[in-house]
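Working notes, beginning with the structure itself.
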Amino acid sequence: MNNVYIKASKKTCIIGKKDVIIDDIADIEGRKDIIDKLKNIIVFTIDTDEKKNYLLSIITVITEIQKVFENITIHNVGEEDIIISYSPKKKECKYKNLINIFKVIFVCITLFTGGGIAIMTFHTDAAVPDVFVKLYSLFLGEENLNPLIIEIPYSIGLAVGIIVFFNHFSSKKLTDDPTPIEVEMRLYERDVEDCIIENLSDEGNKQ
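Just so we're aligned, residue 1 is where the sequence shown starts under full-length UniProt numbering, counting upward by one.
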């Protein structure tokens, strides 16, 4: 008996083509001559030209494999349900690069403005300027409404703290650990995929 190990991805993006083959959705291991044939087995056919999500069960994949190879044992070591995210092939826009540049600029301006306002609002609510004045008066014995000797190190420390926390300086990472944003985005993607699977199951779109 030949053993085949299949590891399906949780989500697969298909652009343009209608027939989804095993090689699109999973990694498979086993005897080479069998694997070469298995990779091209069609397990799902897209029935629309619109952008849409489909849910494919690993049981369907195994059934299609057994139609071609009856005398093999299939071991699933991946996902039980696979999201197929179909998108029609789009025409290339000649202004795509320019549009992307404007998007990046817009996002940078939005983040910079929002972050700056958030920091200033926090400082106002916490009366940080008044604290600096009191600290200056406490340690140096005189009143100064603009204690730069405290404000400048604080501003530098704030920037350094943000860089260390988010683990990025320019395009370089300070450590190999994922950043807090990367962790949150990964958790968010996982929650979205689980929600899509549940919704498609409830709608009866599981194949």
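Every residue gets a Cβ at the ideal spot worked out from N, C-alpha and C, and that includes glycine. Just so we're clear, the structure is a prediction, and the values are computed from it rather than from any experiment.
Is residue i helix, strand or coil when you go by DSSP?
i             : result
threonine 179 : coil
threonine 45  : strand
glutamate 29  : strand
lysine 91     : coil
lysine 37     : helix
valine 61     : helix
residue 243   : Because residue 243 is not part of the residues shown, which for the chain are 1 to 207, the question remains open.
glutamate 203 : helix
glutamate 50  : coil
State the Cα-Cα distance for the pair residue i and residue j, rounded to the nearest angstrom.
i                : j              : result
glycine 116      : histidine 123  : 11 Å
alanine 8        : lysine 39      : 12 Å
phenylalanine 44 : threonine 63   : 12 Å
glutamate 151    : isoleucine 109 : 25 Å
alanine 26       : valine 183     : 24 Å
glycine 157      : proline 129    : 16 Å
isoleucine 186   : lysine 32      : The identity of residue 186 in the sequence shown is arginine, whereas the question assumes isoleucine. Going by the C-alpha atoms only, they are around 34 Å apart.
valine 104       : glycine 114    : 15 Å
isoleucine 102   : leucine 111    : In the sequence as presented, isoleucine is not what sits at residue 102; that position holds phenylalanine. When rounded, the distance between both Cα atoms is 14 Å.
isoleucine 21    : threonine 12   : 11 Å
isoleucine 199   : arginine 190   : Sequence inspection shows asparagine at residue 199; the isoleucine mentioned does not correspond to that position. Straight-line Cα distance between these residues: approximately 14 Å.
cysteine 136     : asparagine 146 : Residue identity check: residue 136 is tyrosine in the sequence provided, not cysteine. Going from the Cα of tyrosine 136 to the Cα of asparagine 146 covers about 9 Å.
aspartate 194    : tyrosine 86    : 17 Å
leucine 138      : proline 178    : 42 Å
isoleucine 59    : asparagine 76  : 9 Å
serine 201       : lysine 89      : 27 Å
serine 155       : tyrosine 95    : 40 Å
glutamate 80     : tyrosine 54    : 14 Å
isoleucine 34    : glutamate 203  : 36 Å
isoleucine 74    : lysine 91      : 40 Å
isoleucine 197   : asparagine 3   : 29 Å
tyrosine 188     : glycine 141    : 52 Å
alanine 159      : aspartate 125  : 20 Å
Pick from the options: whose alpha carbon is nearest that of residue i?
i              : options                        : result
isoleucine 65  : Lys94, Ile28, Lys10            : Ile28
glycine 16     : Lys10, His75, Lys52            : Lys52
glycine 78     : Cys195, Lys10, Ala159          : Lys10
proline 180    : Ser57, Tyr136, Phe165, Ile22   : Phe165
aspartate 24   : Leu56, Asn146, Asn3            : Leu56
lysine 144     : Val131, Pro153, Ser155, Glu193 : Strictly speaking, residue 144 in this sequence is asparagine, with lysine absent from that position. Here the closest residue by C-alpha is Val131.
lysine 67      : Ala118, Asp19, Ile41           : Ile41
aspartate 19   : Ile84, Asn76, Ile99, Val133    : Ile84
aspartate 49   : Ile14, Ala159, Ile119          : Ile14
serine 149     : Ile99, Asp47, Val192, Lys134   : The sequence given here has isoleucine at residue 149, not serine. That would be Lys134, whose Cα lies nearest to the Cα of isoleucine 149.
isoleucine 119 : Ile162, Ile35, Gly30           : Ile162
isoleucine 72  : Thr121, Gly30, Pro153, Val192  : Gly30
Which partner residues does residue i have in the DSSP bridge list?
i             : result
isoleucine 83 : Lys11, Leu55
asparagine 2  : Ile72
aspartate 19  : Thr45
| field | Residue ranges of each alpha helix (DSSP H) within the segment 96 to 176, 4 or longer | value | If we require 4 residues or more, the alpha helix (DSSP H) runs fully inside the segment 96 to 176 come out as 96 to 125, 128 to 140, 148 to 166.
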